[in-house]
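Below: one structure, written as structure tokens.
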Amino acid sequence: FILITPRKKACVSVKARIREIIHNGGAKSAKKIVQQINVIFAGWVNYFRVGNSSDAFSEVRDYTEMKIRTLL
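What follows is the structure, encoded as structure tokens:
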């Protein structure tokens, strides 16, 4: 059995993209920003679906929730 997990670099990269969307959101509604983040998050999760990625998913999800809370 091979243990496949996303590298730290992949987590940092997706967090940077999420941070940029929130930072550049400006006058966009929270709903629009969340929709953009969902597209990125869905693609990232689908790419890393194979393997043992639950810890990485939790890390990125927690980061995203924290950033969205600061937005509201």
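Just so you know, we're using UniProt numbering here: the sequence shown kicks off at 1 and counts up by one.
Using N, Cα and C, we set each Cβ at its ideal position, and we do this for glycine too.
None of these values were measured; they are calculated from a predicted model.
Starting from the C-beta of residue i, find all residues in its chain whose C-beta is less than 8 Å away, skip the five residues before and the five after it, and write them out in chain order.
| i | result |
| --- | --- |
| G50 | The residue you asked about is not Gly; residue 50 is Val in the sequence shown. Cβ neighbours of V50 beyond the five flanking positions: I4. |
As a quick exercise: from the options, pick the residue whose alpha carbon is nearest that of residue i.
| i | options | result |
| --- | --- | --- |
| M66 | N52, A42 and V34 | V34 |
| K8 | L72, G26, N24 and D55 | D55 |
| L71 | A10, K31 and V12 | K31 |
Would you say the beta carbon of residue i comes nearer than 8 Å to a heavy atom of the ligand GTP?
| i | result |
| --- | --- |
| I4 | You won't find the ligand GTP in this model; it holds no ligand whatsoever. |
Excluding the five sequence neighbours on either side, which residues of its own chain have a C-beta within less than 7 Å of the C-beta of residue i, listed in chain order?
| i | result |
| --- | --- |
| S53 | T5 and P6 |
With a threshold of 16 other CB atoms inside 10 Å of the CB of residue i, please say whether the residue is buried or exposed.
| i | result |
| --- | --- |
| V39 | exposed |
| V12 | exposed |
| I18 | buried |
In chain order, which beta strand (DSSP E) runs of at least 3 residues are fully inside the UniProt domain "Group II intron maturase-specific" (13 to 70)?
For the UniProt domain "Group II intron maturase-specific" (13 to 70), there is no continuous beta strand (DSSP E) assignment of 3+ residues that stays within its boundaries.
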